[in-house]
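S.K.: Here the sequence shown is numbered in our numbering, starting from 984 and rising by one per residue. One structure, as structure tokens, below. Some questions next.
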Amino acid sequence: MQKKITEIFNDKCLRPGSRLRNSTRDAQLPDVYAKSFGYLLLDRPLFASEPEINAFATDLGALLALLASLPDRLFDGDVRAYCDALGMDSRPASLMCRGSDVPPPRNARADAHHDGEAFMLELDVGSRLGGTDTAQANRDLLALGRITLRGTGIDVLLRYFVASEIVDDPQALADFDTVLRADEAGRTVLHPPLRGAVLAGKGILAMLHDPLVQATFTPAEQAVVDRVMPWTALLGQARHSPAALAALLDRCRDRREELVAEPGVGRGGVGTVIGHQVTDAVRRQALPDAAAGDHVVQERVRPATEAVVDADTGAVHEWVANRDVFVDAEGYAGSYVRALKPGDGAVVACSNPGTRGTCVFAAP
């Protein structure tokens, strides 16, 4: 369905005088948004099959529930022991374990690729929800147990930071204590709670392929993992016996051109090694280096490309799309896209100057 709609859209873009070709550039965007992102927009929206993306969101919701259950399944509810098993830095982990014990709300974003047949999850379930409207709180005094901004009480603070960004900042930690007290008093809600960050590390997804963890799955849970998660493994030495780690490294060496090695928690992908883009010597060295930390390795997903008509030249170029799929308690909650031409690199991220963004339309 989405391929057919794309073909129709691009065909109309190529017709003389087509208004569709410049539809993104002619869009009436709010001034602040236009100044910030207008020049970074892709020249067309992307499309998705509504039944397919809803089914993926359903699987994603089930996957999030499965991830949230792991501390209880494996560590008798001890979240700190769970963080230690993942090799998390102890100081950010301590912050994540503070606050309410209530399970975090289902409010997540998954980075996903579409390989032409199905959506496949990449690494960033539960990331910092970039792409939503953001709110910013200042360092005002706590008034009657409530956070205020220039004298106005704040009902909800939307969190847009991670533990590692505040753990070395005494003022930020003091502000966090203030916010936690307001949240615990029911005066100002911190959303999402920092506790939810324990579901966001790359190593957590790797646990879904651990045989000991999979032994706890129901057939339905295993089917969800099989549908949306490429093979992923945690390399940290603390997670494996010497013999098991040696066997895992041998497996990774045999498949090194098909794998991506990436740091686990809180580093935004810095230090990622993409197997097919580096020399064999770099790949050989990367594996033992990664095993000394909290890295994961994951099978590379090969997304189908999207044809986009250049609004200036009319030339058709292929782009690789990273689809950020949002999910909440009601299921699919929308998506947005970051896209990159294959020749401009392998990491589809806003830090890459060739990356462009666009919206997604779902077709029944």
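Glycine included, every Cβ here is placed at the ideal spot set by N, Cα and C.
Could you give the distance in angstroms between the alpha-carbon of VAL1303 and the alpha-carbon of ARG1164?
M.R.: Residue mapping note: residue 1303 aligns to position 320 of the sequence shown, counting from 1. Residue mapping note: residue 1164 aligns to position 181 of the sequence shown, counting from 1. Looking at the two C-alpha atoms, the distance is approximately 44 Å.
S.K.: Relative to the C-alpha of LEU1140, which candidate in LEU1057, ARG1056, GLN1197, THR1131 has its C-alpha closest?
M.R.: By one-based count along the sequence shown, residue 1140 stands at place 157. LEU1140 has its Cα closest to that of THR1131, out of LEU1057, ARG1056, GLN1197, THR1131.
S.K.: Runs of 3 residues minimum, wholly inside the stretch 1295-1341: which ones carry the beta strand (DSSP E) assignment?
M.R.: 1299-1311, 1314-1323
S.K.: Taking ALA1322 as the reference, which of PRO1286, ASP1138, ALA1298, ASP1295 has the closest Cα?
M.R.: If you number the sequence shown from 1, residue 1322 lands on position 339. Comparing alpha carbon positions, the residue from PRO1286, ASP1138, ALA1298, ASP1295 closest to ALA1322 is PRO1286.
S.K.: Can you tell me which of ALA1146, HIS1096, LEU1049, LEU1053 puts its alpha carbon nearest to the alpha carbon of VAL1331?
M.R.: Mapped onto the sequence shown, residue 1331 falls at position 348. Comparing Cα positions, the closest option is HIS1096.
S.K.: Once you ignore the five residues that flank LEU1242 on each side, which residues in its own chain have a CB closer than 7 Å to its CB?
M.R.: The residue you call residue 1242 lines up with position 259 of the sequence shown. Excluding positions up to five away in sequence, the list reads CYS1235, GLY1258, VAL1280, GLN1281, GLU1282, ARG1283.
S.K.: For CYS1080, which of TYR1315, ASP1067, ILE1137 has the nearest alpha-carbon?
M.R.: The sequence position of residue 1080 within the sequence shown is 97, counting from 1. Selected option, being the one with the closest Cα: ASP1067.
S.K.: Apart from the five residues just before and just after ASP1293, which ones in its own chain have a Cβ nearer than 8 Å to its Cβ?
M.R.: One-based indexing of the sequence shown puts residue 1293 at position 310. ASP1026, VAL1299, HIS1300, listed in sequence order.
S.K.: At which residue ranges does the stretch 1029-1087 contain complete beta strand (DSSP E) runs of 3 or more residues, listed in the order of the chain?
M.R.: 1029-1032
S.K.: Quick check on DSSP: helix, strand or coil for ARG1129?
M.R.: Position 146 of the sequence shown, counted from the first residue, corresponds to residue 1129. Note: ARG1129 maps to strand in three-state DSSP.
S.K.: Check for me: the beta strand (DSSP E) holding VAL1181 runs from which residue to which?
M.R.: Stepping through the sequence shown from its first residue, residue 1181 is reached at position 198. Per DSSP, VAL1181 belongs to no beta strand (DSSP E) and is neither H nor E.
S.K.: Would you mind stating whether ALA1040 and VAL1308 have Cβ atoms separated by less than 8 Å?
M.R.: One-based indexing of the sequence shown puts residue 1040 at position 57. One-based indexing of the sequence shown puts residue 1308 at position 325. It is a contact, given that the beta carbons lie within the stated cut-off.
S.K.: Buried or exposed: which applies to ALA1120, given that a residue is buried once 16 or more other Cβ atoms fall within 10 Å of its Cβ?
M.R.: To locate residue 1120, count along the sequence shown from 1; it is residue 137. Note that ALA1120 scores a pLDDT of 19, beneath 50, so its modelled location is shaky; the value from the coordinates is reported in the next line. By the 10 Å Cβ count, ALA1120 comes out buried.
S.K.: If you follow the beta strand (DSSP E) that ARG1092 is part of, which residue opens it and which one closes it?
M.R.: Within the sequence shown, the letter at position 109 stands for residue 1092. ARG1092 -> beta strand (DSSP E) spans 1090-1097.
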